[in-house]
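Chemist:
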Amino acid sequence: MYSVSHRPAWTLLVASVAAFMTSLDTMVVTTALPTMRAQLGGSVGQMEWTMNAYYLAFACLLITAAGLGDRFGRRRVLFIGLVIFGLSSAGAALAPSLGALIAARAVQGAAAAAIMPLTLTVISEAYPPETRPRAIGIWGALLGAGGVLGPLAGGGLVEWVGWRGIFWVNVPISLIVTVATWLVVTETHGPRHPLDARGLVLVSTGCLGLSWGLIRSADEGWGDPRVWLPLAIGVVLLVGFVAAEHLASCPLMPTSLFKSRGFSAANGVSIGIYGSLSGSVYLMSQFFQIAQHTSPLMAAMRFVPWPAPALVVAPLVGSWAAKLGNRFFLVIGMAMNTIGLVWFALVAQASTPYLELVWPLILSGIGIACVFPTVSSEVVTSVPLERMGVAAGVNSSVREFGGVLGVALAATVFAHAGGYGSAVSFTDGFVRALWVCAIMSGVGMAAAVLAAPRKRSGDCKTNGGFDDQGRDA
């Protein structure tokens, strides 16, 4: 049955802050790239690895970390991840060269992979079904705000204390959260099956090949062997992983999870929302600086209307979804995000007044606030309780792949349609890339419309593909 913590509110606070911190770091370097390049040297492509190294390690190790949490204890693995995250943040802040910084960012990403899925799992186990959606709504609000506030935090810290401050700020936060995790989070385990070593190797190397190819596509083009070869190898290895898991007696990722329409839909929505968000945030920070000639801090300030709705709307949506169902908010949220991106693409020019740009940002922000808590809730309410850890890990991996794909597609389209030579050239590429992000969001909306079941998010007794004891149906 449910392993409910005696301190659920404290568990929610600790886990939400930890998730916010890791989400923030996915995009925090975007507004700091010009300053970092001036001090450390390196090409534009090399500087992008300060973000891509984090993405790469994050995406490749999520399922593995979730599986280790199920086996060795979720609090224990979360605690270790937080310790490593704080140490690697200090290493990034002290980095004497670009290579050292990229290496530290990769370790940060690996630590974040141990943190992100387990924060959702410990919250889900701390709350019973009737109050779980609201708790996940609060977690989702901070998670979404972290991703979009990354450029804002980066811009402010760069101007006030320099680029190293974007990493130093993590050290005291991670220290406090690490101690709090050990004190207030209840230790739980998933099914204690033998470790699926074959699955660990296949999924990690497959994710590495797929992520590497996507990241390289922005620089080399899709026809380059350095892009399609790792992509092909990654696809083959991941297909092998799925086949091996289907036959394994103790799989790392039970393929029966995807019998649940809700779980499958949540993963489709995750690709759409994170792909569109990551691609648009990556270029929009530069649009405000390069095309509209604002400072890093002012560019970051213009982001505020985007994440701000999440802080108010997401917790409310988490409660309302218990009555109206996740599907309603997934469809409405993805539609609002898609319309907001299309609207922004239609009006974005170097001379466009900010007042004309703020309204599509607000609309998109409200849509994102509807999606983040409900997509996470759909993941954990569509599978049996003992499988929530691995389900959260799978969804987090899918989410990060969506982010990598969104940045890769946006950067590729931008490179072919525009450039950095002038404000007009940058805007041309930016607008084309934003249309691609809107299409990704539309695909996510279609996944919500076609796949998500019409059920109440609070109804955890019957999950698609499973009976109420969690066995495969």
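Numbered per our numbering, the sequence shown finishes at 496, counting up by one with no gaps.
C-beta atoms are modelled at their ideal positions from N, C-alpha and C, and glycine is treated no differently.
Small disclaimer: the values here were computed from a predicted structure and weren't measured.
#1: Report the CB separation of ALA55 from GLY177 in whole angstroms; it is logged as a contact under 8 Å.
#2: Please list, in chain order, all residues of the same chain as TRP72 whose beta carbon is under 6 Å from its beta carbon, the five residues on each side excluded.
#3: If we call anything under 7 Å between Cβ atoms a contact, is ALA461 one with PHE437?
#4: Given this structure, state the Cα-to-Cα distance separating ALA149 from MET357, to the nearest angstrom.
#5: From what residue to what residue does the alpha helix (DSSP H) around GLY441 run?
#6: Pick helix, strand or coil for ARG60, following the three-state DSSP scheme.
#7: If you measure between the beta carbons of PRO156 and SER419, is that distance less than 7 Å?
#8: Is the beta carbon of ALA136 closer than 7 Å to that of ALA127?
#9: Would you call the region 102-119 and the region 462-470 in contact, with 3 or more CB pairs under 8 Å?
#10: Compute the beta-carbon to beta-carbon distance between PHE108 and SER197, rounded to the nearest angstrom, for a pair I have assumed lies under 8 Å.
#11: Does the Cβ of LEU63 have 16 or more other Cβ atoms within 10 Å, making it buried, or fewer, making it exposed?
#12: Within a Cβ cutoff of 6 Å, which residues of the same chain sit near GLY173, ignoring the five residues on either side of it in sequence?
#13: State buried or exposed for SER272, treating a residue as buried only when at least 16 other CB atoms are found within 10 Å of its CB.
#14: Enumerate in chain order the residues of its own chain whose CB-to-CB distance from THR435 is below 8 Å, with the five nearest sequence positions on each side excluded.
#15: Quick check on GLU401: buried or exposed, where buried means 16 or more other Cβ atoms within 10 Å of its Cβ?
#16: By the three-class DSSP mapping on this structure, what secondary structure does SER120 have?
#17: Three or more beta-carbon pairs under 8 Å between the region 283-294 and the region 255-268, yes or no?
#18: From the DSSP output, in three-state form, read off CYS273 for me.
#19: Going by C-alpha distance, which of ALA470, SER308, LEU143 is nearest ILE355?
#20: Where do the ends of the alpha helix (DSSP H) carrying SER318 lie?
#21: Hey, quick one: how far does the alpha helix (DSSP H) through PHE286 stretch, first residue to last?
#22: For VAL370, count neighbouring C-beta atoms within 10 Å of its own C-beta (all shown protein chains included) and say buried if the count is 16 or more, exposed if not.
#23: Expressed to the nearest angstrom, what Euclidean distance is found between the alpha-carbon atoms of PRO277 and GLY92?
#24: Looking at THR397: is its Cβ nearer than 7 Å to the Cβ of ASN349?
#25: State the Cα-Cα distance for the pair SER39 and LEU353, rounded to the nearest angstrom.
Modeler: Let me spell this out:
#1: With a Cβ gap of about 5 Å, ALA55 and GLY177 count as contacting.
#2: Residues ILE125 of the same chain have their beta carbon placed closer than 6 Å to that of TRP72, with the five preceding and five following residues left out of the count.
#3: No, the pair does not count as a contact, with Cβ atoms beyond the cut-off.
#4: A straight line joining the alpha-carbon of ALA149 with that of MET357 spans about 29 Å.
#5: Taken as a continuous stretch (DSSP letters only), GLY441 belongs to no alpha helix (DSSP H), as it is neither H nor E.
#6: When DSSP states are grouped into helix, strand and coil, ARG60 belongs to the helix group.
#7: With contacts defined by Cβ atoms closer than 7 Å, PRO156 and SER419 do not form a contacting pair.
#8: The Cβ atoms of ALA127 and ALA136 lie no closer than 7 Å to each other.
#9: Using a Cβ-Cβ distance cut-off of 8 Å, the region 102-119 and the region 462-470 are not in contact, since fewer than three pairs of beta carbons, one from each stretch, lie closer than that value.
#10: Contact flag correct, Cβ pair sits at about 5 Å.
#11: LEU63 should be labelled buried.
#12: Taken in chain order, the residues that qualify are LEU47, MET50, VAL51.
#13: In this structure SER272 is exposed. Its beta-carbon is surrounded by fewer than 16 other beta-carbon atoms within 10 angstroms.
#14: Listed in chain order, the non-local C-beta contacts of THR435 below 8 Å within the same chain comprise SER240, ALA241, GLY244, TRP245, local neighbours out to five positions each way being set aside.
#15: Under this definition GLU401 is a buried residue.
#16: Coil.
#17: Output reads no: the region 255-268 does not touch the region 283-294.
#18: Here CYS273 sits in coil by DSSP.
#19: Here the closest residue by C-alpha is ALA470.
#20: Annotation: SER318 is outside any alpha helix (DSSP H) and is labelled neither H nor E by DSSP.
#21: Its alpha helix (DSSP H) spans residues 284-309.
#22: Answer is exposed; the Cβ neighbour count stays below 16.
#23: Taking the straight line joining both Cα atoms gives about 16 Å.
#24: Yes. Within cutoff.
#25: Spanning the two alpha carbons is a distance of roughly 21 Å.
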